[in-house]
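> Read left to right, the sequence shown gives residues 1 to 200 (my numbering).
Below is one structure. I have some questions about it.
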Amino acid sequence: MRPQRPRDRQHRPRGLMLTLRRFFRDRQGVGGVEFAILAPILISLYITCFELTMGLSVAKRATRSASTIADLVTQQTSVNKAFLATMPDVTEAIFVPYRTEADAVSLKITGIAMDANATPRVLWSWQQDGTRPYGVGTSVSDVPDELKTANSFLVRAELSVPHQLLMFLPGISTETRTITISRTFFYRQRVGDSIACSDC
């Protein structure tokens, strides 16, 4: 039996090589490994596409809300706080089926008068909590140049709504999960020279 021992030792490396070859040629479980690698990437892409679609939809509704509110106000000859307080209902209706918390949405409506030099100044202003966000006579800097006309009037509607991201991933702080979508629209009055607010 002793003379056979060297022969066994000679065959051991060859047997090891055959085992390694069979291991590398074996394709069982490759699909599981590929799925484990690709699944997180595919899930991330799905969440990203879903969030992009949701964000675009909310942005469109924010644009429509600000535009509609400015349009409704400019159709009036005069307004008051009671009338302006109904504008958040317009936003809520446009945002259906998305829920908009009343205290989360920021809405500001401003009447802007321009003097003979086409300098825009605040004539009156109102925001959602019923207070005045801008002082009377305050200069307005964001009026587009093409709308600056001497002795004219504009209504500005500013709407901001938070959008909650659904990407609850480790390492992302709470602050980065919420973005604020803001829209601003300027409209001219439909009737008369200006629109007064009796109690703003």
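Just so you know, even glycine gets a beta-carbon here, dropped at the ideal spot from N, CA and C.
Cα-Cα, which of S67, Y46, L154, G111 is closest to K81?
Counting from 1 along the sequence shown, the entry for residue 81 is found at position 81. If we check each option's Cα against that of K81, G111 comes out closest.
> Going by the CB atoms, is the gap between I181 and A70 shorter than 9 Å?
The count along the sequence shown starts at 1 and reaches residue 70 at position 70. The count along the sequence shown starts at 1 and reaches residue 181 at position 181. Going by C-beta atoms, A70 is not nearer than 9 Å to I181.
> When you compare only the Cα positions, how much space is there between I43 and I109?
Working through the sequence shown from its first residue, we reach residue 43 at position 43. Working through the sequence shown from its first residue, we reach residue 109 at position 109. Taking the straight line from one Cα to the other gives about 42 Å.
> Any chance the stretch 79-95 sits against the stretch 123-133, with 3 or more Cβ pairs inside 8 Å?
Yes, they touch.
> Classify M17 as buried or exposed, calling it buried when 16 or more other Cβ atoms lie within 10 Å of its own Cβ.
Residue mapping note: residue 17 aligns to position 17 of the sequence shown, counting from 1. Classification of M17: exposed, given that the 10 Å Cβ count is below 16.
> So, under 8 Å CB-CB, R156 and T138 are touching, yes? Tell me the CB distance rounded to an integer number of Å.
Reading the sequence shown from its first residue, position 156 is the one you call residue 156. Reading the sequence shown from its first residue, position 138 is the one you call residue 138. Going by Cβ atoms, the distance from R156 to T138 rounds to 12 Å, so no, they are not a contact pair.
> Please confirm whether A70 has its beta-carbon closer than 9 Å to some beta-carbon of chain B.
No chain B is present in this structure, which holds just one protein chain.
> On a Cα-Cα basis, can you pick out the residue from L107, Q164, A116, T178 that is closest to G130?
As a position in the sequence shown, residue 130 is number 130, starting the count at 1. Closest option to G130, Cα to Cα, is L107.
> Let me know the secondary structure DSSP gives A196 once reduced to three states.
In the sequence shown, counting from the first residue as 1, residue 196 sits at position 196. Strand.
> What does DSSP give as the partner residue(s) for R183 in the beta ladder?
Working through the sequence shown from its first residue, we reach residue 183 at position 183. Looking at the DSSP assignment, R183 forms a beta bridge with L159.
> What does the alpha-carbon distance come out to for the pair A150 and E51?
Counting from one through the sequence shown, the residue named residue 150 turns up at place 150. Counting from one through the sequence shown, the residue named residue 51 turns up at place 51. In a straight line, the C-alpha of A150 is about 44 Å away from that of E51.
> Can you tell me the Cα-Cα spacing of R177 and Q164, whole angstroms?
Residue 177 sits at position 177 when you count from the first residue of the sequence shown. Residue 164 sits at position 164 when you count from the first residue of the sequence shown. Approximately 6 Å, taken between the alpha carbons.
> On the criterion of 16 or more Cβ atoms from any shown chain inside 10 Å, does P170 qualify as buried, or is it exposed?
Counted from its first residue, the sequence shown places residue 170 at position 170. The predicted position of P170 is uncertain, since its pLDDT is 49 and thus under 50; a value taken from the coordinates is nonetheless stated next. Exposed: under 16 other Cβ atoms inside 10 Å.
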